[in-house]
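Engineer: All you need for the working numbering is the position in the sequence shown, starting with 1, plus 1187.
Even glycine gets a Cβ: it sits at the ideal position worked out from N, Cα and C.
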Amino acid sequence: MAQEAQLWEPGAIPDGLLAALRSTRKPLILTHIYPDGDALGSSVALHHCLAKLGAHPRTILTHPVPEKLRFIDHDGVAEVLTGEPDASQISAVEQADLIIVVDTSAFHRLGHMKELLVESDTPIVCVDHHLEGDLDCFQEVWCEPGSPSTGNLVLEVIRALGQELTLNSAESLFVAIATDTGWFRYSNSGSVAYRIAAQLVELGVDPEPIFQKIFQSFSVERTLALGDLLANIECRSDGKILFSVLSEKMRQRREVKMEDLDGFVDSLGQVAGTEIVFLVVEVGPGRYKVSLRSRGEISVHAIAARFGGGGHVKAAGCRLEGTEEQVIAELLAVCQEQLVGKSTGS
Ligand code: AMP
Ligand code: MN
Ligand code: MN
C-alpha cells in the first residue's frame, strides 16, 4: 500500500481540458483562499503558459500571499482582492471565456470569488489534487488526489500543450511541489516529486536560495510568535495528540500577519510519538481556523471533514466557531474517536 502511494503516476489529462486551454482567449485563473506555494506557483505558471499561447489571462487571489513566497510571482501577475471583488475583478469574471480553478475543487474555498462564479455561465475547469470537491460543477476537471501537488499536474498540462517551461515557471512549480511536500519530506512526495524536482533543477532551478527564502527568512516577530505557540503546547492521549492555540491577542502582540502563519503547524509535529497534531488560530471573535497533521495511519481528513473541512489524509483543515474551550473540546473528541477507532481496527 505504502509502496503503491510512493509510485503514484498521473492519469491521462482529459482531452476536453486541453482543448479548452488551447482555445481560450480570456482565461481567468482562480485558486483557494489564503493561497499557499502550490496555489500561487500553479496559478502563475499556468498564467504564463496561456499568455505564451496568445491568450490574455488574469489571475485573481482572494488573500495576500505569504511574504516569503512572493518571489515566485516573478512578474507580479497575480492580483489580490482587498475585500469584496471590485469593478475590475467583477468584469474579469464577466469577460472571461474560461475560468480555471487550481489547487482546490471546492467552491466554498474560493472565498469572495465564489458568488461571482455561481452566477456566471462561463465554462469552469479545474486542476486539483484534493480528496473532496464539487467535481460536478466543472465542465472539465483533472483531479488526482494521489498527486503530491497541483504544481506537478500543471507541469504535465504545460507539456501537453506543447509549451517549453521558462526558468521562472520552473521555479514557481518547484516551489509549488516543494512546499506541498514539506520540502520533499512527506509521504505524498512519492517518486514523482523527486523525479520532477530533478528535471526542474536540470532546467536551472537552484534549490538552496529558494530554501533560504522560504524557510530561513522569517522575521524575529514571527519566530517569537512561534515560540509563544510552542510554549503553549498541550498533549492528550499519552502524547498521541498534541495541539496549540494562537489567539488574535497573541498574534497582534507579535504583529504577525495571518498569511505569515503558514508552516506553524509543522513545528508541532516535531515531537516524538505524536499521531495527530493540530493548531487552532483565532481568525475573528469566536471564529477559528484549524490545521491538522498526521504522521501515521490516522486520517486527519476524516477529522476535518466532520467539521465541514477537508484536504488530504495527512494534512487537512477546517473552520470552527464557538469559544476556544468549546472548539478544542470538539476537536479533541473527534481526534480521540479516531485514535480509538484505529486501535480497535474499526
Ligand atoms: P493548512 O492546514 O491550511 O495548511 O491546510 C492543509 C490542507 O487542508 C490543504 O490542502 C488545504 O487546502 C486543506 N484545507 C485547509 N482548510 C480547509 C477547509 N476549511 N476546507 C477544506 N480544505 C481545507
Ligand atoms: Mn494549496
Ligand atoms: Mn496543493
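Thinking C-beta only, is Leu1479 closer than 7 Å to Phe1465?
Structural biologist: In the sequence shown, the residue the question calls residue 1465 occupies position 278. In the sequence shown, the residue the question calls residue 1479 occupies position 292. Closer than 7 Å, so yes.
Engineer: Does the distance from the CB of Ile1428 to the CB of Ile1485 come in under 7 Å?
Structural biologist: Position 241 of the sequence shown, counted from the start, is the residue given in the question as residue 1428. Position 298 of the sequence shown, counted from the start, is the residue given in the question as residue 1485. Their beta carbons are not under 7 Å apart, which means Ile1428 does not touch Ile1485 by this criterion.
Engineer: In whole angstroms, give me the CA-to-CA distance for His1235 and Leu1433.
Structural biologist: Here residue 1235 refers to the residue found at position 48 when the sequence shown is read from its first residue. Here residue 1433 refers to the residue found at position 246 when the sequence shown is read from its first residue. When rounded, the distance between both Cα atoms is 37 Å.
Engineer: I'd like the list of long-range same chain contacts for Asp1223, defined as Cβ closer than 7 Å, with 5 residues on each side in sequence excluded.
Structural biologist: Taking the sequence shown and counting its residues from 1, the one referred to as residue 1223 is at position 36. Result list for Asp1223: Thr1366, Asp1449, in chain order.
Engineer: In chain order, which continuous runs of the beta strand (DSSP E) of length 3 or greater are located wholly inside the segment 1223 to 1258?
Structural biologist: Counting only runs of 3 or more, we get 1245 to 1248.
Engineer: According to DSSP, what are the bridge partners of Pro1214?
Structural biologist: As a first step, residue 1214 must be located in the sequence shown, where it is residue number 27. Answer by DSSP bridge pairing, in chain order: Leu1285.
Engineer: Going by DSSP in three states, Ala1459 sits in which element: helix, strand or coil?
Structural biologist: Working through the sequence shown from its first residue, we reach residue 1459 at position 272. It is coil, neither helix nor strand.
Engineer: Can you tell me where the alpha helix (DSSP H) holding Leu1535 begins and where it ends?
Structural biologist: Given that the chain is displayed from residue 1188 to residue 1533, the structure contains no residue 1535 and the question cannot be resolved.
Engineer: The beta strand (DSSP E) with Asp1315 in it runs from where to where?
Structural biologist: Counted from its first residue, the sequence shown places residue 1315 at position 128. Unbroken beta strand (DSSP E) run through Asp1315: 1311 to 1315.
Engineer: Along the chain, where does the alpha helix (DSSP H) that runs through Ile1428 open and close?
Structural biologist: Position 241 of the sequence shown, counted from the start, is the residue given in the question as residue 1428. No alpha helix (DSSP H) contains Ile1428, which is instead part of the beta strand (DSSP E) from 1428 to 1433.
Engineer: Count the other CB atoms within 10 Å of the CB of Gln1457; is the residue buried (16 or more) or exposed (fewer)?
Structural biologist: What you label residue 1457 is simply residue 270 of the sequence shown in a count that begins at 1. Result: exposed.
Engineer: Any heavy atom of ligand 3 closer than 6 Å to the CB of Thr1246?
Structural biologist: Taking the first residue of the sequence shown as position 1, residue 1246 is located at position 59. Thr1246 Cβ: outside cutoff for every heavy atom of ligand 3.
Engineer: Is Val1288 closer than 7 Å to Ser1307 when the C-beta atoms are compared?
Structural biologist: The residue labelled residue 1307 in the question sits at position 120 within the sequence shown. The residue labelled residue 1288 in the question sits at position 101 within the sequence shown. Not in contact: Ser1307 and Val1288 (Cβ atoms no closer than 7 Å).
Engineer: DSSP three-state label for Ser1334, please.
Structural biologist: For the purposes of this step, residue 1334 is taken as residue 147 along the sequence shown, with counting starting at 1. Three-state result, Ser1334: coil.
Engineer: Nearest CA to the CA of Ala1535: which residue from Leu1416, Pro1253, Leu1248, Gly1298?
Structural biologist: Because the chain here runs from 1188 to 1533, residue 1535 falls outside it and cannot be looked at.
Engineer: Less than 8 Å between the CB atoms is what I'm expecting for Thr1211 and Ala1192, so what's the real figure, rounded?
Structural biologist: Residue 1211 sits at position 24 when you count from the first residue of the sequence shown. Residue 1192 sits at position 5 when you count from the first residue of the sequence shown. About 34 Å; that fails the 8 Å criterion.
Engineer: With contact counted as at least three CB pairs below 8 Å, one residue from each stretch, are the segment 1350 to 1366 and the segment 1377 to 1387 in contact?
Structural biologist: Yes, since at least three Cβ pairs between the segment 1350 to 1366 and the segment 1377 to 1387 fall closer than 8 Å, the two stretches touch.
Engineer: At a cut-off of 6 Å, would you count Ser1374 as near ligand 3, judging by its Cβ distance to the nearest heavy atom?
Structural biologist: As a first step, residue 1374 must be located in the sequence shown, where it is residue number 187. Ser1374: no, Cβ never under 6 Å from ligand 3.
Engineer: Please say whether Ala1207 and Leu1285 have beta carbons closer to each other than 7 Å?
Structural biologist: The residue given as residue 1285 occupies position 98 in the sequence shown. The residue given as residue 1207 occupies position 20 in the sequence shown. The answer is yes: Cβ separation under 7 Å.
Engineer: Is the beta carbon of Asp1202 sitting closer than 7 Å to the one on Gly1338?
Structural biologist: Within the sequence shown, numbered from 1, the residue matching residue 1202 stands at position 15. Within the sequence shown, numbered from 1, the residue matching residue 1338 stands at position 151. No, the pair does not count as a contact, with Cβ atoms beyond the cut-off.
Engineer: Do you know how far the Cα of Ala1293 is from the Cα of Asp1321?
Structural biologist: As a first step, residue 1321 must be located in the sequence shown, where it is residue number 134. As a first step, residue 1293 must be located in the sequence shown, where it is residue number 106. In a straight line, the C-alpha of Asp1321 is about 5 Å away from that of Ala1293.
Engineer: Less than 7 Å between the beta carbons of Arg1441 and Ala1412, yes or no?
Structural biologist: Working through the sequence shown from its first residue, we reach residue 1441 at position 254. Working through the sequence shown from its first residue, we reach residue 1412 at position 225. It is a contact, given that the beta carbons lie within the stated cut-off.
Engineer: At the level of alpha carbons, what is the spacing between Asp1453 and Glu1421?
Structural biologist: Locating residue 1453 in the sequence shown gives position 266, where the first residue counts as 1. Locating residue 1421 in the sequence shown gives position 234, where the first residue counts as 1. C-alpha separation (whole angstroms): 15 Å.
Engineer: In the DSSP output, what is Ser1376 paired with across the bridge?
Structural biologist: As a working note, residue 1376 is residue 189 in the sequence shown. Its beta-bridge partners do not exist; DSSP assigns none.
Engineer: When DSSP labels each residue in this structure, what does Leu1466 get in the three-state scheme?
Structural biologist: As a working note, residue 1466 is residue 279 in the sequence shown. Note: Leu1466 maps to strand in three-state DSSP.
Engineer: Which residues in the same chain have their Cβ closer than 8 Å to the Cβ of Ala1357, if we skip the five residues on either side of it in sequence?
Structural biologist: Taking the first residue of the sequence shown as position 1, residue 1357 is located at position 170. These residues qualify, in order along the chain: Leu1387, Leu1390, Gly1391, Val1392.
Engineer: Is it buried or exposed for Phe1398, if we count other Cβ within 10 angstroms and need 16 for buried?
Structural biologist: One-based indexing of the sequence shown puts residue 1398 at position 211. It is exposed - the Cβ of Phe1398 has fewer than 16 other Cβ atoms within 10 Å.
Engineer: Say yes only if the C-beta of Asp1260 is nearer than 6 Å to one or more non-hydrogen atoms of ligand 2, and no if none qualify.
Structural biologist: Here residue 1260 is taken as the residue at index 73 of the sequence shown, counted from 1. For ligand 2, not one heavy atom lies less than 6 Å from the Cβ of Asp1260.
Engineer: Does the distance from the C-beta atom of Ala1380 to that of Leu1205 stay below 7 Å?
Structural biologist: As a first step, residue 1380 is located in the sequence shown; it is residue number 193 there, counting from the start. As a first step, residue 1205 is located in the sequence shown; it is residue number 18 there, counting from the start. Result no, Cβ atoms of Ala1380 and Leu1205 do not sit closer than 7 Å.
Engineer: What's the gap between the Cα of Gly1369 and the Cα of Leu1297?
Structural biologist: Residue 1369 sits at position 182 when you count from the first residue of the sequence shown. Residue 1297 sits at position 110 when you count from the first residue of the sequence shown. Gly1369 and Leu1297: Cα-Cα distance of roughly 24 Å.
Engineer: Rounded to whole angstroms, what is the Cα-Cα separation between Gly1333 and Cys1505?
Structural biologist: By 1-based counting over the sequence shown, the position of residue 1333 is 146. By 1-based counting over the sequence shown, the position of residue 1505 is 318. Whole-angstrom Cα-Cα distance: 21 Å.
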